[in-house]
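Participant: Each residue of the sequence shown is one higher than the last, beginning at 7 in my numbering.
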Amino acid sequence: MKIHNYSAGPCILPKSVLKKAAESLVNYNKTGLSIAEMSHRSKDFIAVMEKATSLVKELMNLPEDYEVLFLQGGASMQFYMSALNLIPENGHAAYINTGTWSSKAIKEAKLLGNIHLAASSKEENFNYIPKKIDTPDGASFLHYTSNNTIFGTQFKELPNTDLRLVCDMSSDIMTQEVDVKKYDLIYAGAQKNIGPAGVTLVIVNKNALGKTERSIPSMLDYQVHIEKESMFNTPPCFSIYTAMLTMEWLKELGGVQEIKKRNLAKSKLLYHEIDRNSLFEGTARIEDRSIMNPTFTLKDVTLNEEFLNKSIEAGINGLKGHRSVGGFRASMYNALEIESVHALVEVMKEFEKTKG
Ligand SMILES: Cc1ncc(COP(=O)(O)O)c(C=O)c1O
Numbered sequence: 007m008k009i010h011n012y013s014a015g016p017c018i019l020p021k022s023v024l025k026k027a028a029e030s031l032v033n034y035n036k037t038g039l040s041i042a043e044m045s046h047r048s049k050d051f052i053a054v055m056e057k058a059t060s061l062v063k064e065l066m067n068l069p070e071d072y073e074v075l076f077l078q079g080g081a082s083m084q085f086y087m088s089a090l091n092l093i094p095e096n097g098h099a100a101y102i103n104t105g106t107w108s109s110k111a112i113k114e115a116k117l118l119g120n121i122h123l124a125a126s127s128k129e130e131n132f133n134y135i136p137k138k139i140d141t142p143d144g145a146s147f148l149h150y151t152s153n154n155t156i157f158g159t160q161f162k163e164l165p166n167t168d169l170r171l172v173c174d175m176s177s178d179i180m181t182q183e184v185d186v187k188k189y190d191l192i193y194a195g196a197q198k199n200i201g202p203a204g205v206t207l208v209i210v211n212k213n214a215l216g217k218t219e220r221s222i223p224s225m226l227d228y229q230v231h232i233e234k235e236s237m238f239n240t241p242p243c244f245s246i247y248t249a250m251l252t253m254e255w256l257k258e259l260g261g262v263q264e265i266k267k268r269n270l271a272k273s274k275l276l277y278h279e280i281d282r283n284s285l286f287e288g289t290a291r292i293e294d295r296s297i298m299n300p301t302f303t304l305k306d307v308t309l310n311e312e313f314l315n316k317s318i319e320a321g322i323n324g325l326k327g328h329r330s331v332g333g334f335r336a337s338m339y340n341a342l343e344i345e346s347v348h349a350l351v352e353v354m355k356e357f358e359k360t361k362g
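1) When you compare the CB positions of Ala-89 and Ala-124, do they come within less than 8 Å of one another, or not?
2) With DSSP as the reference, label Cys-17 as helix, strand or coil.
3) Let me check understanding here. Comparing Cα to Cα, which of Leu-118, Asn-323 and Phe-132 lies closest to Arg-220?
4) DSSP three-state label for Gln-263, please.
5) Are at least three pairs of beta-carbons, each pair with one atom in the region 174–181 and one in the region 49–58, less than 8 Å apart?
6) Closest to Leu-215 by CA distance: which of Met-87, Ser-60 and Leu-19 is it?
7) Name the residue from Asp-227, Ala-349, Ser-337 and Lys-128 whose alpha carbon lies nearest to the alpha carbon of Glu-319.
8) With DSSP as the reference, please indicate the residues paired to Leu-191 in a beta bridge.
9) Under 8 Å Cβ to Cβ from Asp-71, same chain only, skipping five residues before and after it: list those, please.
10) Nearer than 7 Å: is that true of the beta carbon of Ser-127 relative to any heavy atom of ligand 1?
11) Around the C-beta of Asp-190, are 16 or more other C-beta atoms found within 10 angstroms, so that it is buried, or is it exposed?
12) If I follow the unbroken beta strand (DSSP E) through Gly-288, where does it start and stop?
13) Please tell me whether, using a cut-off of 7 Å, the distance from the CB of Asp-294 to the nearest non-hydrogen atom of ligand 3 is below it.
14) Cβ of Ala-115 within 7 Å of any heavy atom in ligand 1?
15) Quick check: what's the CA-CA separation for Asn-154 versus Gly-38?
16) Can you pull the DSSP bridge partners for Leu-90?
17) Specify, as a first and last residue, the run of the beta strand (DSSP E) that Ala-99 falls within.
18) His-278: buried (16+ other C-beta within 10 angstroms of its C-beta) or exposed?
19) Which ranges does the beta strand (DSSP E) cover as unbroken runs of at least 3 residues, wholly within the region 218–262, from first to last along the chain?
20) For Met-175, which residues in the same chain have their Cβ closer than 6 Å to its Cβ, ignoring the five residues on either side in sequence?
21) If you reduce the DSSP assignment to three classes, tell me which class Gln-160 lands in.
22) So, do the region 159–169 and the region 296–305 have three or more beta carbon pairs nearer to each other than 8 Å?
23) Would a C-beta distance cut-off of 8 Å place Ala-203 and Pro-16 closer than the cut-off?
24) Here's a check: name, in chain order, each residue in its chain whose Cβ is nearer than 6 Å to the Cβ of Ile-280, leaving out the five neighbours to either side.
25) Helix, strand or coil: which one does DSSP assign to Thr-303?
26) When the Cα of Glu-235 is compared with those of Phe-51, Met-44 and Lys-274, which residue comes out closest?
27) Within 10 Å of its beta-carbon, does Asn-91 have 16 or more other beta-carbons around it, so buried, or fewer, so exposed?
28) Assuming contact is defined by CB atoms lying nearer than 8 Å, are Gly-135 and Ser-127 in contact in what I supplied?
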């Protein structure tokens, strides 16, 4: 039976990428060595790193002054590292709180500077994106989370501010075009749209660095990682290689413009069924609904478990919502095909027939 993988992350990757990665895990490019057992200083792996870097530059259309880094520690490490590198001693920055991940970013940044809450949707359990933003003078940047993986909301426009932007794009990077020059920093754990877990993509504006007047430990210093081309310490070679393959797949498909069309078609299909079906309702405000992680529930929540079991019987994996929202979450990352959304819609229709 075909499994339709709706996991929130780690999540579905293109089958062709997994196949190639599996081959390379045994014998990379006929070298007789696994990609996981060769030196990161070898000619072969350096070529992988260079290719991965140039694919990020190309797919995201990066301006000149931006550097690409492949780091470890997840997006969670970036919550602290970004503030450490970008907020000066005694400085301040503004943050928008749109959910669990933004809250965590705020908590870490507070260890380093004066953090101003520019907006929050906490009072409605983060079911919308705040539009009115209040930022203090002289803030180093405005931080936001572009897609809220848990609550199923997404910024449809950039936050309305003159401040430089810093963004956690973990769950919607490379799903649409981004005007990178507005940002000093973009970071994303790879394990949704870019590749397997274990590597974090960081895109940083070189001109924003070196202004904090504090000493930064080497491992947490973007400047050090830039100088060492993401090889200050041993990089997660296999994750970077698989991310490179995933980006090649995306490029081949037509890049972010093409994947955006496909993602919009998938989300339109599912949201249409959520709104049409008499048994279901969405949990996020309609105008702020995420293209990546639609969240929804049965109006009669006592039926949630029965529906979840029906979805599992139909080969649908990972539909259970996060405990802070309940209900269901259909994570529909780049590699999920529309055929999988048809399969989910079919289960919803069937359920309506038996219960409606
Ligand atoms: C938007 C967002 N930010 C941060 C994280 C945390 O990422 P990591 O586990 O790579 O630290 C996640 C994980 O799901 C996420 O969805």
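From the three backbone atoms N, C-alpha and C, an ideal C-beta is built for every residue, glycine too.
Facilitator: To lay it out plainly:
1) No; because the gap between Cβ atoms is not below 8 Å, this pair is not in contact.
2) Here Cys-17 sits in coil by DSSP.
3) Checked all of Leu-118, Asn-323 and Phe-132; the closest Cα to Arg-220 is Leu-118.
4) Shown here, Gln-263 sits in a helix according to DSSP, grouped into three states.
5) Cβ pair count under 8 Å is below three, so no.
6) With distances taken between Cα atoms, Leu-215 lies closest to Met-87.
7) Selected option, being the one with the closest Cα: Ala-349.
8) Answer is Val-172 and Val-210, bridged to Leu-191.
9) Shown here for Asp-71: same chain residues with a beta carbon closer than 8 Å to its own, the five before and five after excluded, namely Asn-211, Lys-212 and Asn-213 in chain order.
10) Outside the cutoff, so no.
11) Buried, because 16 or more other Cβ atoms sit within 10 Å of the Cβ of Asp-190.
12) Judged by DSSP secondary structure, Gly-288 falls within the beta strand (DSSP E) whose first and last residues are 286–288.
13) Absence of ligand 3 from the depicted structure is noted, with ligand 1 being the only ligands included.
14) Result no, Cβ not under 7 Å from ligand 1.
15) Approximately 43 Å, taken between the alpha carbons.
16) Paired residue(s): none; Leu-90 is not in a bridge.
17) 98–103 is the extent of the beta strand (DSSP E) around Ala-99.
18) Within 10 angstroms of the beta-carbon of His-278 lie fewer than 16 other beta-carbons, which makes it exposed.
19) Segments of the beta strand (DSSP E) lying fully in the region 218–262: there are none.
20) So the list reads Ser-152, Ile-192 and Ala-194, once near-sequence residues are dropped.
21) Strand at Gln-160.
22) Touching, yes.
23) Yes; because the gap between Cβ atoms is below 8 Å, this pair is in contact.
24) Result list for Ile-280: Phe-286, Gly-288 and Phe-302, in chain order.
25) Reduced to three states, the DSSP call for Thr-303 is strand.
26) With distances taken between Cα atoms, Glu-235 lies closest to Phe-51.
27) Classification for Asn-91: buried.
28) Note on residue identity: the sequence assigns Ile, not Gly, to residue 135. With respect to the 8 Å criterion, Ile-135 and Ser-127 are classified as neighbours on the basis of their beta carbons.
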